[in-house]
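So the sequence shown is numbered by the numbering used here: it starts at 3 and just counts up by one. Everything on this sheet refers to the single structure shown next.
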Amino acid sequence: IGGGGYVTGFFFHPTDPNTFYCRTDIGGMYRFDYDKQAWISLIDHVSPVDGRECCPISAALDADRPGRLYIASGSRAPGSHGKLTVSDDYGATFRSYELPVFVHGNLHGRSAGERLLAEGDHLWLASQLEGLWTSDDEGATWQQVEAFPETACTFVSVLGGMVIVGTEGLKQAQGDK
Numbered sequence: 003i004g005g006g007g008y009v010t011g012f013f014f015h016p017t018d019p020n021t022f023y024c025r026t027d028i029g030g031m032y033r034f035d036y037d038k039q040a041w042i043s044l045i046d047h048v049s050p051v052d053g054r055e056c057c058p059i060s061a062a063l064d065a066d067r068p069g070r071l072y073i074a075s076g077s078r079a080p081g082s083h084g085k086l087t088v089s090d091d092y093g094a095t096f097r098s099y100e101l102p103v104f105v106h107g108n109l110h111g112r113s114a115g116e117r118l119l120a121e122g123d124h125l126w127l128a129s130q131l132e133g134l135w136t137s138d139d140e141g142a143t144w145q146q147v148e149a150f151p152e153t154a155c156t157f158v159s160v161l162g163g164m165v166i167v168g169t170e171g172l173k174q175a176q177g178d179k
């Protein structure tokens with residue numbers, strides 16, 4: 003892998019044994035090409051104008067669509083929001099959406115688990131600083147889960163129909179947003 007940083011996550015597709023990705027903290031996402039026995043960068047299109055895709059914090063795969071890949075990434079720039087990139091062709095091309103929260107792949111908890119979870123078109127995002135979020139339209143729009151008081155999340159998972167979210171134990175002060 004030619005990117006910087008270190009590998010913070012691996013993604014094996016649950017139904018397609020030829021779909022395998024990894025993410026790095028500051029070097030973007032990669033897909034493994036089994037025919038060439040090589041890693042392919044998924045951020046060659048990134049420029050200095052918007053380098054947020056270089057720092058992914060999480061990725062998610064769609065169990066029913068092997069070509070679908072979601073990536074949440076961002077920048078350390080003050081006040082910046084994250085970016086969600088979505089691919090339907092194994093990372094060859096992407097469409098992107100602004101996330102309503104700060105995201106950065108080179109901060110605490112970067113290898114604690116996956117913060118992004120896909121269940122069909124429904125997404126969950128366990129944000130680093132702003133609680134739990136959900137989207138019903140592949141990430142085009144997001145709603146905060148107001149009943150969830152923790153702000154610093156570390157991972158999100160589903161087990162037996164129950165959503166499980168890891169946190170750092172920090173809650174918003176009453177009235178703070």
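Glycine included, every Cβ here is placed at the ideal spot set by N, Cα and C.
DSSP three-state assignment for residue i, whether helix, strand or coil
{"i": "Glu116", "result": "coil"}
{"i": "Glu55", "result": "helix"}
{"i": "Tyr8", "result": "coil"}
{"i": "Ala175", "result": "For Ala175, the predicted model reports a pLDDT of 48, less than 50, meaning its position is unreliable; a value from the coordinates is still stated below. DSSP places Ala175 in coil when its eight states are reduced to three."}
{"i": "Pro80", "result": "coil"}
{"i": "Lys85", "result": "strand"}
{"i": "Ala94", "result": "coil"}
Which listed residue (the options) has its alpha carbon closest to that of residue i
{"i": "Ser167", "options": "Asp90, Asn20, Gly84 and Glu116", "result": "Before going further, note that residue 167 is Val rather than Ser in the sequence given. Considering only alpha carbons, the answer is Glu116."}
{"i": "Thr153", "options": "Ile45, Gly122, His124 and Trp135", "result": "Trp135"}
{"i": "Glu140", "options": "Glu148, His124 and Ala149", "result": "His124"}
{"i": "Gly69", "options": "Pro151, Gly84 and Val88", "result": "Val88"}
{"i": "Asp18", "options": "Val165, Tyr92 and Glu148", "result": "Tyr92"}
{"i": "Ser137", "options": "Gly122, Arg112 and Ala149", "result": "Gly122"}
{"i": "Asp46", "options": "Gly30, Phe34 and Asp35", "result": "Gly30"}
{"i": "Val105", "options": "Ser77, Ser113, Asp90 and Ala114", "result": "Ser77"}
Distance, residue j Cα to residue i Cα
{"i": "Asp37", "j": "Thr21", "result": "12 Å"}
{"i": "Gly53", "j": "His15", "result": "27 Å"}
{"i": "Phe96", "j": "Leu109", "result": "24 Å"}
{"i": "Tyr99", "j": "Glu132", "result": "18 Å"}
{"i": "Val103", "j": "Pro80", "result": "12 Å"}
{"i": "Gln145", "j": "Phe12", "result": "27 Å"}
{"i": "Thr156", "j": "Glu170", "result": "7 Å"}
{"i": "Arg67", "j": "Pro151", "result": "33 Å"}
{"i": "Leu71", "j": "Trp126", "result": "14 Å"}
{"i": "Trp41", "j": "Ala94", "result": "13 Å"}
{"i": "Arg25", "j": "Gln130", "result": "17 Å"}
{"i": "Tyr23", "j": "Val165", "result": "24 Å"}
{"i": "Ala208", "j": "Phe34", "result": "Examination of residue 208 is not possible in this model, given that the chain is present from 3 through 179 alone."}
{"i": "Leu119", "j": "Glu55", "result": "18 Å"}
{"i": "Glu148", "j": "Val158", "result": "16 Å"}
{"i": "Gly163", "j": "Val51", "result": "41 Å"}
Counterpart residues of residue i in DSSP-defined beta bridges
{"i": "Phe22", "result": "Phe14"}
{"i": "Gly162", "result": "For Gly162, which the question treats as bridged, DSSP gives no partner whatsoever."}
{"i": "Tyr2", "result": "In the structure displayed, the chain extends from 3 to 179; residue 2 sits before or after that span and is not available."}
{"i": "Asp64", "result": "Arg67"}
{"i": "Tyr136", "result": "The displayed chain sequence assigns Thr, not Tyr, to residue 136. Beta-bridge pairing links Thr136 to Trp126 and Gln145."}
{"i": "Thr169", "result": "Cys155"}
Anticipated Cβ contact below 8 Å, residue i with residue j, distance rounded
{"i": "Cys57", "j": "Ser82", "result": "Contact doesn't hold; Cβ gap of about 11 Å is too wide."}
{"i": "Asp27", "j": "Gly107", "result": "5 Å"}
{"i": "Tyr32", "j": "Ser43", "result": "6 Å"}
{"i": "Leu86", "j": "Leu63", "result": "With 8 Å as the limit, Leu86 and Leu63 do not qualify as a contact, their Cβ atoms being about 14 Å apart."}
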